[in-house]
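Following: one structure in structure tokens, then a few remarks.
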Amino acid sequence: MNASQWRHLRVNLFGVLAAAGAGSWSFGVSSYTFSLTNTASLFPFRRHSGFVTTASHAFANEALHRSWRTVALMAAFSGSTLLRPRHVQRRAISQKTDPSNDEPDAGFTLDPPSGTRDFFPEKMRMQRWLFDRFRETAQSYGFQEYDAPVLEHEDLYKRKAGEEITEQMYNFRDKEGAAVTLRPEMTPSLARMVLSLMRAETGAIAAVLPLKWYSIPQCWRFETTQRGRKREHYQWNMDIVGVSEVTAEAELLSAVVSFFENVGITSKDVGLRINSRKVLGAVLNTAGVTSDKFAETCVIIDKLDKIGADAVKQELSKQVGLSTEVADTIVAATGAKTLEEFADIAGVGESAEVQELRRLFALAEDYGFADWLQFDASVVRGLAYYTGVVFEGFDKAGVLRAVCGGGRYDKLLELYGSKKEVPCVGFGFGDCVVMELLKERGVLPELGPNVDMVVAAYNADMMGKAMNVARRLRQTGKSVDVYPEAARKVKKAFRYADKVGASRIAFVAPDEWERGEVRIKDLRCAADTPNDKKQCDIPLDKLGEIDNFFS
Ligand code: HAM
């Protein structure tokens, strides 16, 4: 035993003496927290007789920490009490300080990996609520739900335009050596699925077009975490396959607006910025830039906010080979305030691309959501595959990052081997930013546990009967929780029913049972409710009509 171990052992022994006579006790010495447990029957050690001490992670000594864990395990198996220091219960207790040390780390952390989230029941309820709103909206627009594995082929994301997303993959080789990744986004999986419906010889899709599909996948990106940005997020996707007209964009934008309206967000809170990469494409065309440079150019322009105009111009010249003049024109055009100004600076006039964008605004006007839209020449989005209209939802207070983003990607399927172009358009809408927004605007609902009724047994003999009552009540479609102990202490059962949000409690007691009845109390009725509506003895064979007794 080295000097440090002796020092810690002396402190431990001090603790043992201080606790003599007590059953189980916790105390702190300087920055250390100790817990003492009476395990005399288990550990007949000479020095530790009567108690075992457990130490917090303040112990830098791995050997002692390991012995604490062994003790903890033995004590747990023996059923004896072992107190753990409170702060150890939440944070890392990793003991490994030297990363070059190959020994397995004796510690562990109770937090999920950085940038990922645990969903405790309260948070899970909120998440479900949000997903229900996503689903409701998509279904009200006639979209069908689909899904795909979270593990995808890495190749699906290998695009050459230098997008950030391809650098952020959680990719690895699986045990068969296949290059796979946790999906950073859903669109390539959707494209793969659509392609699998395509007849190889003709390129015809074996499904009725258009496809209108939605999904709520979990996506993984190794990003710097910040407000509204995580390393995993759920992303509501709605996509339309097989429509080349901007009617598809109008439908999708309208769906985004409907979702916001459903959750209490107005066009004062959120706006949708719209642009078209086609207009930018026309500028490049006029300047004689070949179409293979298009995606890369867009990805660079998307960095304007991050790296500034000069750096963007430099990249356009160095990486894409644009002349200074063209680079200047493009960057200047992205600063335009209106579509007219944009077309003017870019020198494309009333081109077909500009007219298409006008048509989209006109459709939005007729649809009734034009007040949500604004033209923004600086929006190009960072994904390489967009070819036409692009858009993003933004918080008008300017505090949060993009709430959602999407656009047209008519060439993606060709990239994966389709014989012909398949028009596609869609959006992704993350769960993190919108939650922040809803919190900020105070429109999140209060959601309690969704238990309708609690059934409590009067004593142990009545427990089986209480379970039978619960079964009958569940057959009426109610969520019913059986209070797990015989409830002689009625107060405890009431408190429990209140905590789980139940509106009624059934007491299954011998007197009523002999009469073939169950006593049920309304827990949420108004103070002036007549007594016969506050509490009813309901015949067992009438439990299916329970609501009638309280109406
Ligand atoms: P995206 O612009 O990369 O597009 O992401 C869409 C939305 O997902 C963002 O606006 C944001 O709400 C959310 N999001 C993205 N990354 C994160 C993150 N690290 N943490 C939290 N939320 C995030 C796409 O992914 C396209 N595949 C969308 C699409 C579908 N385009 C056509 N169809």
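My numbering applies: residue 207 is where the sequence shown begins, and numbers increase by one.
From the three backbone atoms N, C-alpha and C, an ideal C-beta is built for every residue, glycine too.
Is A666 helix, strand or coil when you go by DSSP?
Mapped onto the sequence shown, residue 666 falls at position 460. Correct three-state label for A666: helix.
Can you give me the start and stop residues for the beta strand (DSSP E) that R614 sits inside?
The residue given as residue 614 occupies position 408 in the sequence shown. Taken as a continuous stretch (DSSP letters only), the beta strand (DSSP E) holding R614 covers 610-614.
In the DSSP assignment, find the beta strand (DSSP E) that holds W442 and state where it starts and stops.
One-based indexing of the sequence shown puts residue 442 at position 236. It spans 438-447 - the beta strand (DSSP E) in which W442 sits, taken as one unbroken run.
Determine the contact status of R433 and P390, defining contact as a CB-CB distance below 8 Å.
Counting from 1 along the sequence shown, the entry for residue 433 is found at position 227. Counting from 1 along the sequence shown, the entry for residue 390 is found at position 184. No, the Cβ-Cβ distance between R433 and P390 is not below 8 Å.
Give the range of the alpha helix (DSSP H) segment to which D637 is assigned.
The residue you call residue 637 lines up with position 431 of the sequence shown. Run containing D637: 637-647, per the alpha helix (DSSP H) assignment.
Is it buried or exposed for K329, if we count other Cβ within 10 angstroms and need 16 for buried?
In the sequence shown, counting from the first residue as 1, residue 329 sits at position 123. Classification of K329: exposed, given that the 10 Å Cβ count is below 16.
Taking G636 as the reference, give the member of M332, F378, G611, V696 with the closest Cα.
The residue given as residue 636 occupies position 430 in the sequence shown. Comparing Cα-Cα distances from G636 to each of M332, F378, G611, V696, the minimum goes to G611.
Tell me the rounded alpha-carbon separation between L569 and L458.
Here the question's residue 569 lines up with position 363 in the sequence shown. Here the question's residue 458 lines up with position 252 in the sequence shown. Rounded to the nearest angstrom, the two C-alpha atoms are 12 Å apart.
Inspect the CB distances between the stretch 708-716 and the stretch 652-672 and report whether three or more fall short of 8 Å.
Short answer: they touch.
Under the assumption that A461 contacts T343 (Cβ atoms under 8 Å), give the Cβ distance between them as a whole number of angstroms.
One-based indexing of the sequence shown puts residue 461 at position 255. One-based indexing of the sequence shown puts residue 343 at position 137. Contact flag correct, Cβ pair sits at about 6 Å.
Give the straight-line distance between the Cα atoms of S464 and F337, rounded to the nearest whole angstrom.
In the sequence shown, counting from the first residue as 1, residue 464 sits at position 258. In the sequence shown, counting from the first residue as 1, residue 337 sits at position 131. If I take the Cα positions, the gap works out to 14 Å.
Using the three-state DSSP reduction, which class does P318 fall into: helix, strand or coil?
As a first step, residue 318 must be located in the sequence shown, where it is residue number 112. Assignment of P318 by DSSP, reduced to helix, strand and coil, places it in the coil class.
To the nearest angstrom, how far is the alpha carbon of K381 from that of Q374?
Along the sequence shown, one-based indexing puts residue 381 at 175. Along the sequence shown, one-based indexing puts residue 374 at 168. Those two C-alpha atoms are separated by around 22 Å.
With a CB to CB cut of under 6 Å and the five nearest residues on each side skipped, what residues in its chain are close to I411?
Sequence index remark: in the sequence shown, residue 411 carries index 205 (1-based). Only L403, M404 meet the Cβ criterion.
Which of the three DSSP states is assigned to I371 in this structure?
Sequence index remark: in the sequence shown, residue 371 carries index 165 (1-based). In the structure shown, the three-state DSSP call for I371 is helix.
If A552 sits next to V485, beta carbons under 8 Å apart, how far is it from one beta carbon to the other, in whole angstroms?
Against the sequence shown, residue 552 aligns to sequence position 346. Against the sequence shown, residue 485 aligns to sequence position 279. Rounded, the Cβ-Cβ distance is 7 Å, consistent with contact.
Please report the distance separating the alpha-carbon of F633 from that of M444.
Translated into positions along the sequence shown, residue 633 becomes position 427. Translated into positions along the sequence shown, residue 444 becomes position 238. Rounded to whole angstroms, F633 to M444 spans 6 Å at the Cα level.
Taking 8 Å as the cut-off, does the stretch 561-577 touch the stretch 586-593 (at least 3 CB pairs, one atom from each stretch)?
no
Return yes when at least one heavy atom of the ligand HAM lies under 7 Å from the C-beta of K436, else no.
Position 230 of the sequence shown, counted from the start, is the residue given in the question as residue 436. At least one heavy atom of the ligand HAM is nearer than 7 Å to the Cβ of K436, so yes.
Looking at C-alpha atoms only, which residue of C638, K698, G654, T431 is the closest neighbour of G321?
Position 115 of the sequence shown, counted from the first residue, corresponds to residue 321. Measuring from the Cα of G321, the nearest candidate turns out to be T431.
For the pair the stretch 678-690 and the stretch 733-740, tell me if three or more CB-CB distances fall below 8 Å.
no
Which complete beta strand (DSSP E) runs does the stretch 357-427 hold, if anything under 3 residues is left out?
357-359, 376-379, 385-388, 417-421, 424-426
Would you grab the beta carbon distance between R479 and D582 for me? Rounded to a whole angstrom, and I think it's under 8 Å.
Position 273 of the sequence shown, counting from 1, holds the residue named residue 479. Position 376 of the sequence shown, counting from 1, holds the residue named residue 582. That belief holds up - the Cβ atoms of R479 and D582 are roughly 4 Å apart, short of 8 Å.
Would you mind working out which of V495, G555, R564 sits nearest E531, comparing C-alpha positions?
For this step, residue 531 is matched to residue 325 along the sequence shown. Among V495, G555, R564, the Cα nearest to that of E531 is on V495.
Once you ignore the five residues that flank K617 on each side, which residues in its own chain have a CB closer than 8 Å to its CB?
Working through the sequence shown from its first residue, we reach residue 617 at position 411. Excluding residues within five positions, the ones whose Cβ falls inside 8 Å are Y591, T593, E627.
Which first and last residues belong to the alpha helix (DSSP H) in which L619 is found?
Counting from 1 along the sequence shown, the entry for residue 619 is found at position 413. Here the alpha helix (DSSP H) through L619 covers 618-621.
Taking the alpha-carbon of G541 as reference, which of E467, A515, V631, A692 has the nearest alpha-carbon?
Here residue 541 corresponds to residue number 335 of the sequence shown, with the count starting at 1. Taking only the C-alpha atoms, the option nearest G541 is A515.
Please tell me whether I513 and V586 are closer than 8 Å, where the distance is taken between their beta carbons.
As a working mapping, residue 513 is identified with position 307 in the sequence shown. As a working mapping, residue 586 is identified with position 380 in the sequence shown. No, Cβ-Cβ distance for I513 and V586 is not below 8 Å.
Taking S584 and L401 to be in contact with their CB atoms under 8 Å, please state how far apart those CB atoms are, rounded to whole angstroms.
Start at 1 with the first residue of the sequence shown, and residue 584 comes out as number 378. Start at 1 with the first residue of the sequence shown, and residue 401 comes out as number 195. Going by Cβ atoms, the distance from S584 to L401 rounds to 33 Å, so no, they are not a contact pair.
Using only the heavy atoms of the ligand HAM, determine whether one of them is closer than 7 Å to the beta carbon of A501.
As a first step, residue 501 is located in the sequence shown; it is residue number 295 there, counting from the start. No.
When DSSP labels each residue in this structure, what does G487 get in the three-state scheme?
Here residue 487 refers to the residue found at position 281 when the sequence shown is read from its first residue. Note: G487 maps to helix in three-state DSSP.
Nearer than 7 Å: is that true of the beta carbon of R587 relative to any heavy atom of the ligand HAM?
Position 381 of the sequence shown, counted from the start, is the residue given in the question as residue 587. R587: yes, Cβ under 7 Å from the ligand HAM.
Take the Cβ of S395 as the centre, count every other Cβ of all protein chains shown within 10 Å, and call the residue buried at 16 or more, exposed below.
As a position in the sequence shown, residue 395 is number 189, starting the count at 1. The residue is buried, with at least 16 neighbouring Cβ atoms inside 10 Å.
Quick check on DSSP: helix, strand or coil for I507?
Position 301 of the sequence shown, counting from 1, holds the residue named residue 507. Helix at I507.
Can you have a look at S503 and say buried or exposed, based on whether 16 or more other CB atoms are within 10 angstroms of its CB?
Numbered from 1 along the sequence shown, position 297 holds the residue referred to as residue 503. The amino acid occupying residue 503 in the given sequence is Thr; Ser does not appear at that position. Buried.
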